[in-house]
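K.L.:
Just passing along the structure, written as structure tokens.
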Amino acid sequence: MCDCFVTWSGWYRFFINGVSAQIPDTCVAQYSCGTDIPLWIRGGHPDVQDGVVARDVCGHNVNYCCYYGSFPIKVKACPGNYYVY
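Heads up, the sequence shown is in UniProt numbering, so the first residue is 1 and it goes up one at a time.
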């Protein structure tokens, strides 16, 4: 399945093996994490007191960390040490 065919709405929290996970905030090597073009957040993750913040998401491809340009995303740190996107 390709994520380009998904209609995204609402907030999402990520888990890996039942443990909260976050989108990387540094460039990830191409083909990492079982994907052709791994995504990462430019600008880092917020603290709880920051509320909802705007960041950019980039995809690494062909030796460029932001090959397709960046796309806006909202991020929120939640009490309990996890993030929603």
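Cβ atoms here follow ideal geometry from the backbone N, Cα and C, with glycine treated the same way.
Could you compute how far the alpha carbon of PRO79 sits from the alpha carbon of TYR68?
P.N.:
Along the sequence shown, read from residue 1 onward, the residue named residue 79 stands at position 79. Along the sequence shown, read from residue 1 onward, the residue named residue 68 stands at position 68. Those two C-alpha atoms are separated by around 33 Å.
K.L.:
Just the C-alpha distance for GLY51 and ILE73, rounded to the nearest angstrom, thanks.
P.N.:
By 1-based counting over the sequence shown, the position of residue 51 is 51. By 1-based counting over the sequence shown, the position of residue 73 is 73. Spanning the two alpha carbons is a distance of roughly 14 Å.
K.L.:
Would the region 44-59 count as touching the region 15-28 if we require 3 or more Cβ pairs under 8 Å?
P.N.:
As far as the Cβ criterion goes, the region 44-59 touches the region 15-28, which means the pair count is three or higher.
K.L.:
Suppose the cutoff is 6 Å on Cβ atoms and the five residues either side in sequence are ignored; what does the same chain contact list for PHE71 look like?
P.N.:
As a position in the sequence shown, residue 71 is number 71, starting the count at 1. Correct list, in chain order: VAL57.
K.L.:
How long is the line joining the alpha carbons of ILE37 and GLY10, rounded to whole angstroms?
P.N.:
The sequence position of residue 37 within the sequence shown is 37, counting from 1. The sequence position of residue 10 within the sequence shown is 10, counting from 1. Answer to the nearest angstrom: the Cα atoms are 23 Å apart.
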